[in-house]
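K.L.:
Numbering (our numbering), first residue to last: 13 to 195.
Heads up, the beta-carbon is just placed ideally off N, CA and C, and yes, glycines get one too.
Computed from a predicted model, the values in this text were never measured in an experiment.
Dropping a structure here in structure tokens format, bear with me for questions.
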């Protein structure tokens with residue numbers, strides 16, 4: 013299955029970069045971000061790595077939750093570039109084409125909880141799985157069961173890092189508490 017994802021060419025972004033994937037093993041918690049980033053050597057990088065603001069905040073949360081196996085991924089696994097070669101947000105169409113690979117990863121890794129990072133990811137998953145998540149109020153997050161999986165839609169970590177720094181501890185505690193209570 014992972015071989016299929018590595019060779020997927022549905023969105024044509026694979027021309028920019030091979031898909032970034034975390035190590036493949038069963039996990040308790042799957043973090044789902046939006047898209048790949050520019051890297052010098054894709055063999056040394058994983059999605060949501062600590063070289064990003066989001067990855068740093070996620071690693072802080074992981075450090076406080078002992079005994080869990082974590083997996084990091086993106087809806088769009090290849091680098092989305094604009095016509096002039098600059099990194100850009102993926103389009104809705106590209107996300108729709110790429111969501112199939114996220115579903116495969118979920119089936120393969122069978123996580124106990126899938127954490128959706130930010131509105132773009134939440135909306136993409138809602139559309140593809142035909143599920144509705146309530147809009148969250150501040151840091152009052154809740155889990156949603158859909159089929160065999162529990163989803164946790166939350167603010168994107170980079171949003172917290174940039175705009176809501178004073179609430180960072182509240183954010184970390186809220187997410188950490190839901191992970192611990194689920195695992």
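Taking the alpha carbon of residue 44 as the point to measure from, which residue in 59, 38 and 30 has its own alpha carbon closest?
P.N.:
The option with the nearest alpha carbon to residue 44 is 59.
K.L.:
In the DSSP assignment, the beta strand (DSSP E) including residue 42 goes from what residue to what residue?
P.N.:
41 to 47 is the span of the beta strand (DSSP E), which, as asked, contains residue 42.
K.L.:
Which residue or residues does DSSP assign as beta-bridge partners of residue 84?
P.N.:
The partner list for residue 84 (beta bridge, DSSP) reads 43.
K.L.:
Which of the three DSSP states, helix, strand or coil, is assigned to residue 126?
P.N.:
Note: residue 126 maps to strand in three-state DSSP.
K.L.:
Work out the CA separation of residue 125 and residue 28 for me, nearest whole Å.
P.N.:
Each residue's Cα considered, the two are about 31 Å apart.
K.L.:
Tell whether a beta-carbon distance below 8 Å holds between residue 107 and residue 88.
P.N.:
The answer is yes: Cβ separation under 8 Å.
K.L.:
What does DSSP give as the partner residue(s) for residue 165 in the beta ladder?
P.N.:
Note: residue 165 sits in a beta bridge opposite 128.
K.L.:
What number of angstroms, rounded off, separates the C-alpha of residue 143 from the C-alpha of residue 152?
P.N.:
If I take the Cα positions, the gap works out to 19 Å.
K.L.:
If you measure between the beta carbons of residue 9 and residue 192, is that distance less than 8 Å?
P.N.:
For residue 9 there is no data in the structure shown, the boundaries of the chain being 13 and 195.
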